[in-house]
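Report on the following structure.
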Amino acid sequence: MKKQIDVQLKNVQKRFQNQVVVKNFDLEIEQGEFISLLGPSGCGKTTTLNMIAGFLDPDEGELLIKGKRMNGVPPYKRELGMVFQTYSLFPHMTVGENIGYGLKLRKVSKQEQAERIQKVLELVKLPHVADRYPKQLSGGQRQRIAIARALIVEPSLLLLDEPLSNLDAKLREELRDELKRLHQEIGVTTIFVTHDQEEALSLSDRIVVMNYGNIEQIGTPYEIYNQPKSEFVHTFIGKTNRLPGVVSSIDNMHVHVRTENGLMIKATQSTGNWTVGQSVTAFIRPEKIKLTTQSEKDTSDNSVNGTLDIASFLGAFTECKVSVGSTLLDVRMQEKVWTGNGQDGETVTCSWSAEDVFLMAEGGK
Amino acid sequence: MRLPRFSLLGFLTLMILIFVNAPFLIIVPSSFTSAGYLSFPPEGFSFDWYLKILDRPEFIDAFFFSLQLAAITAIVSTLLGTLAALALAKYKFKGRDAINALMLSPLTVPSLIIGIAALLFFTRINLGGSFLGLLLSHILISIPYVVRLVLTGLTSFDYTLEKAGYMLGARPLNVFWDITLPMLRPAILSGMIFSFLTSFDNVTVSLFMVAPDTTTLPLMIFNYMQESLDPMVASVSSVVILFSLVFIFLLEKVYGLDRLFGLNAQQH
Numbered sequence: 001m002k003k004q005i006d007v008q009l010k011n012v013q014k015r016f017q018n019q020v021v022v023k024n025f026d027l028e029i030e031q032g033e034f035i036s037l038l039g040p041s042g043c044g045k046t047t048t049l050n051m052i053a054g055f056l057d058p059d060e061g062e063l064l065i066k067g068k069r070m071n072g073v074p075p076y077k078r079e080l081g082m083v084f085q086t087y088s089l090f091p092h093m094t095v096g097e098n099i100g101y102g103l104k105l106r107k108v109s110k111q112e113q114a115e116r117i118q119k120v121l122e123l124v125k126l127p128h129v130a131d132r133y134p135k136q137l138s139g140g141q142r143q144r145i146a147i148a149r150a151l152i153v154e155p156s157l158l159l160l161d162e163p164l165s166n167l168d169a170k171l172r173e174e175l176r177d178e179l180k181r182l183h184q185e186i187g188v189t190t191i192f193v194t195h196d197q198e199e200a201l202s203l204s205d206r207i208v209v210m211n212y213g214n215i216e217q218i219g220t221p222y223e224i225y226n227q228p229k230s231e232f233v234h235t236f237i238g239k240t241n242r243l244p245g246v247v248s249s250i251d252n253m254h255v256h257v258r259t260e261n262g263l264m265i266k267a268t269q270s271t272g273n274w275t276v277g278q279s280v281t282a283f284i285r286p287e288k289i290k291l292t293t294q295s296e297k298d299t300s301d302n303s304v305n306g307t308l309d310i311a312s313f314l315g316a317f318t319e320c321k322v323s324v325g326s327t328l329l330d331v332r333m334q335e336k337v338w339t340g341n342g343q344d345g346e347t348v349t350c351s352w353s354a355e356d357v358f359l360m361a362e363g364g365k
Numbered sequence: 001m002r003l004p005r006f007s008l009l010g011f012l013t014l015m016i017l018i019f020v021n022a023p024f025l026i027i028v029p030s031s032f033t034s035a036g037y038l039s040f041p042p043e044g045f046s047f048d049w050y051l052k053i054l055d056r057p058e059f060i061d062a063f064f065f066s067l068q069l070a071a072i073t074a075i076v077s078t079l080l081g082t083l084a085a086l087a088l089a090k091y092k093f094k095g096r097d098a099i100n101a102l103m104l105s106p107l108t109v110p111s112l113i114i115g116i117a118a119l120l121f122f123t124r125i126n127l128g129g130s131f132l133g134l135l136l137s138h139i140l141i142s143i144p145y146v147v148r149l150v151l152t153g154l155t156s157f158d159y160t161l162e163k164a165g166y167m168l169g170a171r172p173l174n175v176f177w178d179i180t181l182p183m184l185r186p187a188i189l190s191g192m193i194f195s196f197l198t199s200f201d202n203v204t205v206s207l208f209m210v211a212p213d214t215t216t217l218p219l220m221i222f223n224y225m226q227e228s229l230d231p232m233v234a235s236v237s238s239v240v241i242l243f244s245l246v247f248i249f250l251l252e253k254v255y256g257l258d259r260l261f262g263l264n265a266q267q268h
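Those protein sequence lines, which keep their order, are chains A and B.
FYI, the numbering for the first sequence is 1 to 365, going by my numbering.
FYI, the numbering for the second sequence is 1 to 268, going by my numbering.
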């Protein structure tokens, strides 16, 4: 059964002065979906969110929420919930008054207000703070209250504008898990704006990667990470080794690429139509490269010898930089699996599978 | 912090405090004199000159008249000044800088000149010597204080709070009443007090705008002093000082001066 479409953006455009900040934006969001708008600052993700919220109006195109055209409808008539980066709790109201404000505006009875406030406070696991003022709460608690305030009116759509960015690392992760749990519990359609790829990958059903006002790719976190459709997506999400070169030959198994620095790389044929002599860029994720000592026998598609320049132990993994000729490769090892002692200057072998090489035509998508 | 027994800072602070309060320190004791002329230090002690106020109902009338005038001035200029400041802070429009400068010009133009200008203008439109003319001229000189103070309050105002209100379904008027206004209350209230005191104290502009039946207290004292310099000037002034002290004391009790002037800045 096809799911109901909650939000539709049809060819939406937004200009500020003469600059187009959102171009030909087409997106359909299903009911209950958790969707992230991900991109660097200035990519248009916040502008898009503000158009959905109603603070900005598209210059062109149509915005539909639950099938109703929303162009020109003010934010207070859209029945949405929004959580801001700066928490934005009303400092002159208690936590209870903050959360109840939306209900008060909707003329809900005092008794029902109290009941629903208590219920939503329990939902965000802060049942005893209704009488406190926001400034008496920690950042993480404030953001939970802000989420509660947005959810209590049972919005048709929950908009999250970088809600985790003001929190320190540990709290951020905690609240991220909390958001995931809340979404699973309530199932409200959620649009999440972030520049943090980890947040987007861990929370989303689908991610919209944006750059310079364009949609670069829409896909599940897995697709975005493993099957990027553009160089931007590949380099923005996760770390990668970027190796520009030329297709030197093609056989029935592999595309052979000679990089600018003279490295020969084999990639699988299936990634596209390639011709000999074509300029391409090969990408290899650091965690896809295996590091071994030279004495070990290796049967990988690609195998090169190099010198270990730096090995930085970072707890869960070790980040290495390996010089192969004049090429510097980033390698991420989950644990120390090779028999060498990991000292700088040691000779090592880097190997990786042809499947893990991601080829992209020069300048193209 | 404990100051050393003698420091330049401590000395300067003391001198400034004495200097600022000198008028009170002279006027209040002088009002209790038993002599028939103004002198310092006072000669003897009596309440004579306080009792004499009761024989001059025109002083009491002028006091209540000034009070009314200052109250209406404060209310109207707070209303207009707050709205003007909101417009100046929130919207970009043509001539915004010019209006901003104009709003503050009564602060920079000497009030004597404002007085003459007001006299010429209000006489031309048949409001010379009327209560309305006097009120309008007082509003004119009070508005800059409100505009300045509210604008200052708005510089630290977080506009996403308004956005949060809209998202919860609040209409613009709800957002203004429930969110913007309460958060600007300290700035607006201090603007109101400043405009009240500006009107209550004013001599130079009133000088040109009053008629015999609309004389303010400061002007009454001013005129009285030109005729005779007896200690009643001191006793009337002391009553005014007492009144101001009570006003400030009540404000402190009810609201807290530190909160009012944002001295104890709230973190949010």
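For each residue, glycine too, the CB sits at the ideal point set by N, CA and C.
Keep in mind the model is a prediction, meaning the values are calculated, not measured.
Would you tell me roughly how many angstroms separate the C-alpha atoms of V239(B) and T123(B), rounded to the nearest one?
Position 239 of the second sequence holds residue 239(B). Position 123 of the second sequence holds residue 123(B). Their backbone Cα atoms lie some 34 Å apart in a straight line.
Would you call Y145(B) buried or exposed, if buried means 16 or more other Cβ atoms sit within 10 Å of its Cβ?
Taking the first residue of the second sequence as position 1, residue 145(B) is located at position 145. With 16 or more Cβ atoms within 10 Å of its Cβ, Y145(B) is classed as buried.
Check each candidate in S228(B), F200(B), F249(B) and name the one with the smallest Cα separation from Q68(B).
Residue mapping note: residue 68(B) aligns to position 68 of the second sequence, counting from 1. Taking only the C-alpha atoms, the option nearest Q68(B) is F200(B).
Would you grab the beta carbon distance between L167(A) and Q143(A) for me? Rounded to a whole angstrom, and I think it's under 8 Å.
Position 167 of the first sequence, counted from the start, is the residue given in the question as residue 167(A). Position 143 of the first sequence, counted from the start, is the residue given in the question as residue 143(A). Contact flag correct, Cβ pair sits at about 7 Å.
Indicate whether the contact test is met: 3 or more Cβ pairs, each with one atom in the region 71-89 of chain B and one in the region 190-204 of chain B, closer than 8 Å.
With a cut-off of 8 Å, the region 190-204 of chain B and the region 71-89 of chain B count as touching, because enough Cβ pairs lie within range.
Got a sec: which bits of the region 159-171 of chain B sit with their beta carbon under 8 Å from any beta carbon on chain A, in order along the chain?
Listed by position along the chain: T160, L161, K163, A164, G165, Y166, M167, L168, G169, A170, R171.
Any idea if D213(B) is buried or exposed, counting beta-carbon neighbours within 10 angstroms, 16 or more meaning buried?
Walking along the second sequence from the start, residue 213(B) turns up at place 213. Answer is exposed; the Cβ neighbour count stays below 16.
Could you tell me the alpha carbon to alpha carbon distance between Q4(A) and T190(A), rounded to whole angstroms?
Taking the first sequence and counting its residues from 1, the one referred to as residue 4(A) is at position 4. Taking the first sequence and counting its residues from 1, the one referred to as residue 190(A) is at position 190. Q4(A) and T190(A): Cα-Cα distance of roughly 14 Å.
Counting only the same chain and skipping the five closest in sequence on each side, list residues whose C-beta sits under 7 Å from that of F317(A).
Here residue 317(A) refers to the residue found at position 317 of the first sequence. Excluding sequence neighbours, F317(A) sits near R332, M333, Q334.
Under 9 Å, Cβ to Cβ, is there at least one residue of chain A near I188(B)?
Locating residue 188(B) in the second sequence gives position 188, counting from the first residue. With 9 Å as the cut-off, I188(B) does not count as an interface residue toward chain A.
Is the beta carbon of F208(B) less than 9 Å from the beta carbon of L119(B)?
Residue 208(B) sits at position 208 when you count from the first residue of the second sequence. Residue 119(B) sits at position 119 when you count from the first residue of the second sequence. Going by C-beta atoms, F208(B) is nearer than 9 Å to L119(B).
Can you find a C-beta in chain B that's less than 9 Å from the C-beta of S109(A)?
Position 109 of the first sequence, counted from the start, is the residue given in the question as residue 109(A). It does not; no Cβ of chain B falls within 9 Å.
Please determine, among L251(B), R185(B), L173(B), A164(B), the residue with the shortest C-alpha to C-alpha distance to E79(A).
Mapped onto the first sequence, residue 79(A) falls at position 79. Nearest of L251(B), R185(B), L173(B), A164(B) to E79(A), Cα basis: A164(B).
Using a beta-carbon distance cut-off of less than 7 Å, what residues from the region 86-115 of chain A approach chain B?
Of all residues in the region 86-115 of chain A, T86, S88, F90, P91, H92, Y101, G102, L105, R106 have a Cβ within less than 7 Å of some Cβ in chain B.
Could you work out which residues of chain B lie near V381(A), taking near to mean beta carbons separated by less than 9 Å?
The question about residue 381(A) has no answer, for chain A in this structure spans 1 to 365.
In whole angstroms, give me the CA-to-CA distance for R176(A) and K94(B).
Within the first sequence, numbered from 1, the residue matching residue 176(A) stands at position 176. Within the second sequence, numbered from 1, the residue matching residue 94(B) stands at position 94. Those two C-alpha atoms are separated by around 45 Å.
Name the one or two DSSP bridge partners that L359(A) has.
For the purposes of this step, residue 359(A) is taken as the residue at position 359 of the first sequence. A282(A).
The alpha helix (DSSP H) spanning W49(B) covers which residue range?
Here residue 49(B) refers to the residue found at position 49 when the second sequence is read from its first residue. Element bounds for W49(B): 48-54.
I want to see whether chain B comes within less than 9 Å of A200(A), judged by CB atoms only; does it?
By 1-based counting over the first sequence, the position of residue 200(A) is 200. Answer no: the Cβ-Cβ gap between A200(A) and chain B never drops below 9 Å.
Kindly examine the ligand HEM and report whether one of its heavy atoms sits closer than 8 Å to the Cβ of V12(A).
This structure lacks the ligand HEM; in fact it carries no ligand of any kind.
Which chain B residues are close to G72(A), counting only those with a beta carbon under 9 Å from its beta carbon?
The residue you call residue 72(A) lines up with position 72 of the first sequence. Going along chain B, no residue has its Cβ under 9 Å from G72(A), so there is no contact; the nearest lies around 15 Å.
Please check if any C-beta of chain B sits within less than 9 Å of the C-beta of P75(A).
Residue mapping note: residue 75(A) aligns to position 75 of the first sequence, counting from 1. Closer than 9 Å: yes.
Let me see if you follow: with CB-CB separation under 9 Å, is M210(A) close to chain B or not?
Residue mapping note: residue 210(A) aligns to position 210 of the first sequence, counting from 1. Chain B contact via Cβ: absent.
With a cut-off of 8 Å on the beta carbons, I'd call T82(B) and V150(B) a contact; round off their distance for me.
Position 82 of the second sequence holds residue 82(B). Position 150 of the second sequence holds residue 150(B). Indeed they touch by this definition, with Cβ atoms about 5 Å apart.
Let me know if L88(B) comes out buried or exposed under the rule of 16 or more other beta-carbons within 10 Å of its beta-carbon.
As a position in the second sequence, residue 88(B) is number 88, starting the count at 1. Flag for L88(B) reads buried.
Between which two residues does the beta strand (DSSP E) holding N241(A) run?
Here residue 241(A) refers to the residue found at position 241 when the first sequence is read from its first residue. Taken as a continuous stretch (DSSP letters only), the beta strand (DSSP E) holding N241(A) covers 241-250.
In this structure, what does DSSP give as the bridge partners for A267(A)?
Here residue 267(A) is taken as the residue at index 267 of the first sequence, counted from 1. For A267(A), which the question treats as bridged, DSSP gives the partners V255(A).
I'd like to check one pair, I52(A) with L157(A): are the Cβ atoms closer than 9 Å?
As a position in the first sequence, residue 157(A) is number 157, starting the count at 1. As a position in the first sequence, residue 52(A) is number 52, starting the count at 1. Closer than 9 Å, so yes.
So, do the region 93-102 of chain A and the region 49-68 of chain A have three or more beta carbon pairs nearer to each other than 8 Å?
Touching, no, given that fewer than three Cβ pairs across the two stretches are closer than 8 Å.
Just checking my contact of D356(A) with K288(A) at CB under 8 Å: how many whole Å lie between their CB atoms?
Translated into positions along the first sequence, residue 356(A) becomes position 356. Translated into positions along the first sequence, residue 288(A) becomes position 288. Right, their Cβ atoms sit about 4 Å apart.
Could you please give the first and the last residue of the uninterrupted beta strand (DSSP E) stretch that includes S323(A)?
Taking the first residue of the first sequence as 1, we reach residue 323(A) at position 323. Note, S323(A): beta strand (DSSP E), 318-324.
State the DSSP-derived secondary structure class of R142(A), mapped to helix, strand or coil.
Position 142 of the first sequence, counted from the first residue, corresponds to residue 142(A). Residue state, collapsed to three classes: helix.
With 9 Å set as the bound, which would you pick, yes or no: does the beta-carbon of F16(A) sit closer than that to a beta-carbon of chain B?
For this step, residue 16(A) is matched to residue 16 along the first sequence. F16(A) does not count as touching chain B.
Taking Cβ to Cβ, would you say L392(A) is nearer than 9 Å to M82(A)?
Any answer about residue 392(A) is impossible in this case: the structure gives chain A only from 1 up to 365.
For A62(B), which option in S206(B), P29(B), L245(B) has the closest C-alpha, if you only look at C-alpha atoms?
Numbered from 1 along the second sequence, position 62 holds the residue referred to as residue 62(B). Ranking the options by Cα distance to A62(B), first place goes to S206(B).
Go ahead and label M15(B) buried or exposed: buried means 16 or more other beta carbons lie within 10 angstroms of its beta carbon, across all protein chains shown.
For the purposes of this step, residue 15(B) is taken as residue 15 along the second sequence, with counting starting at 1. Burial call: exposed.
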